[in-house]
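Residue numbers (our numbering): 191 to 359.
We treat Cβ as the ideally placed atom computed from N, Cα and C, and that holds for glycine.
Computed from a predicted structure; not experimentally measured.
First comes the structure, then the notes that go with it.
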Amino acid sequence: MKYLSVIPLIISTCCFGGSEIEPVDISNKKYADYACDQMGADCKKFTRACEPPNSSMPNTCIALTYFKLEVAKELCGIEKYVECFESNNEYLARWMHELNLPNVGNPKREIAFEKCSNIGMYDVKSSELKKFEVEVLKVFQKIREPIDIKSPSYQKQKDFYLCFEKHLK
């Protein structure tokens with residue numbers, strides 16, 4: 191894959207928009223179950239958001255949602271993690287719809303990827319979370335070209351968005 195450091199962006203968006211469930215997604219059922227156990231009552235909300243047609247990989251979606259929520263707790267603290275999580279998702283969606291998709295074929299888009307791919311990267315502190323993400327991401331080795339999963343990562347989407355926007359001008 192050309193832009194390994196934007197894997198979190200790709201993963202966050204790849205699982206959405208399919209009406210049929212990817213068969214390999216079943217391999218992440220145990221991680222989705224664990225995520226739901228940890229999320230408690232909030233699991234229902236995220237489960238609905240991760241079901242087809244919103245996602246072709248509901249187990250992976252739920253597990254990665256849990257991962258992002260836990261990283262938001264690391265970054266922003268227990269009192270502000272929901273706001274942090276929602277803001278990160280908002281900037282991811284804005285990047286996809288305002289900057290990425292409308293600029294397919296634009297040479298400046300390639301430059302923006304090169305210049306910004308490492309912007310806003312956050313090294314997850316929890317070794318348990320790192321291991322969890324690595325295990326969940328293994329599903330992507332079965333549905334597309336293998337992804338090098340050496341270091342789990344999380345990208346602060348606002349920083350990435352602002353960098354990408356700057357390089358598209």
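Exercise for the section: Round the Cβ separation of Ala222 and Asn249 to the nearest angstrom and send it over; I've been treating them as touching at under 8 Å. Expected result: Taking the sequence shown and counting its residues from 1, the one referred to as residue 222 is at position 32. Taking the sequence shown and counting its residues from 1, the one referred to as residue 249 is at position 59. Right, their Cβ atoms sit about 4 Å apart.
Practice task
Output the distance between the C-alpha atoms of Ala253 and Gly310, rounded to the nearest integer angstrom.
Solution key: Position 63 of the sequence shown, counted from the first residue, corresponds to residue 253. Position 120 of the sequence shown, counted from the first residue, corresponds to residue 310. C-alpha separation (whole angstroms): 22 Å.
Problem - Nearest-angstrom Cα separation, counted from His357 out to Pro292 - result: On the sequence shown, position 102 is the one that residue 292 refers to. On the sequence shown, position 167 is the one that residue 357 refers to. Approximately 14 Å between the Cα atoms of the pair.
Problem - Residue nearest to Phe322 in terms of C-alpha spacing, selected from Gly295, Ile333 and Glu260 - result: The residue you call residue 322 lines up with position 132 of the sequence shown. When only C-alpha atoms are compared, the closest one is Glu260.
Handout entry: Ala222 - containing alpha helix (DSSP H), residue span
Key = Against the sequence shown, residue 222 aligns to sequence position 32. Segment Lys219 to Met229, the alpha helix (DSSP H) holding Ala222.
Exercise for the section: Would you mind working out which of Tyr224, Phe257, Ile216 and Glu212 sits nearest Leu314, comparing C-alpha positions? Expected result: Counting from one through the sequence shown, the residue named residue 314 turns up at place 124. One point to set straight first is that residue 314 is Val, not Leu, in the sequence displayed. Among Tyr224, Phe257, Ile216 and Glu212, the Cα nearest to that of Val314 is on Phe257.
Handout entry: Pro198 to Lys359 span [Cα, whole Å]
Key = Position 8 of the sequence shown, counting from 1, holds the residue named residue 198. Position 169 of the sequence shown, counting from 1, holds the residue named residue 359. Confidence at Pro198 is low in this model, with a pLDDT of 43, below 50, so its placement is unreliable and the value that follows should be read with caution. The alpha-carbon atoms of Pro198 and Lys359 are separated by roughly 24 Å.
Exercise for the section: Report all residues from its chain with a CB closer than 7 Å to the CB of Lys263; omit the five preceding and five following residues, and keep chain order. Expected result: Within the sequence shown, residue 263 is the residue found at index 73, counting from 1. Excluding residues within five positions, the ones whose Cβ falls inside 7 Å are Tyr271.
Problem - Selected residue, minimal CA-CA separation from His287, among Lys234, Asn218, Gln331 and Tyr351 - result: Within the sequence shown, residue 287 is the residue found at index 97, counting from 1. For the residues Lys234, Asn218, Gln331 and Tyr351, the minimum Cα distance to His287 belongs to Tyr351.
Practice task
Could you tell me if Ile201 is buried or exposed, where buried requires 16 or more neighbouring beta carbons within 10 angstroms of its beta carbon?
Solution key: Position 11 of the sequence shown, counted from the start, is the residue given in the question as residue 201. Confidence is the limiting factor: at Ile201 the pLDDT is only 47, short of 50, which leaves the residue's position unreliable, though a coordinate-based value still follows. It is buried - the Cβ of Ile201 has at least 16 other Cβ atoms within 10 Å.
Problem - Nearest-angstrom Cα separation, counted from Val326 out to Phe354 - result: Numbered from 1 along the sequence shown, position 164 holds the residue referred to as residue 354. Numbered from 1 along the sequence shown, position 136 holds the residue referred to as residue 326. Phe354 and Val326: Cα-Cα distance of roughly 28 Å.
Problem - Pair within 7 Å by beta-carbon distance, Ile268 and Ser246 - result: To locate residue 268, count along the sequence shown from 1; it is residue 78. To locate residue 246, count along the sequence shown from 1; it is residue 56. Cβ atoms of Ile268 and Ser246: not closer than 7 Å.
Exercise for the section: Pick out whichever of Val294, Lys332 and Ser343 has its Cα sitting closest to the Cα of Ser316. Expected result: By 1-based counting over the sequence shown, the position of residue 316 is 126. Residue Ser343 is the option with its Cα nearest to Ser316.
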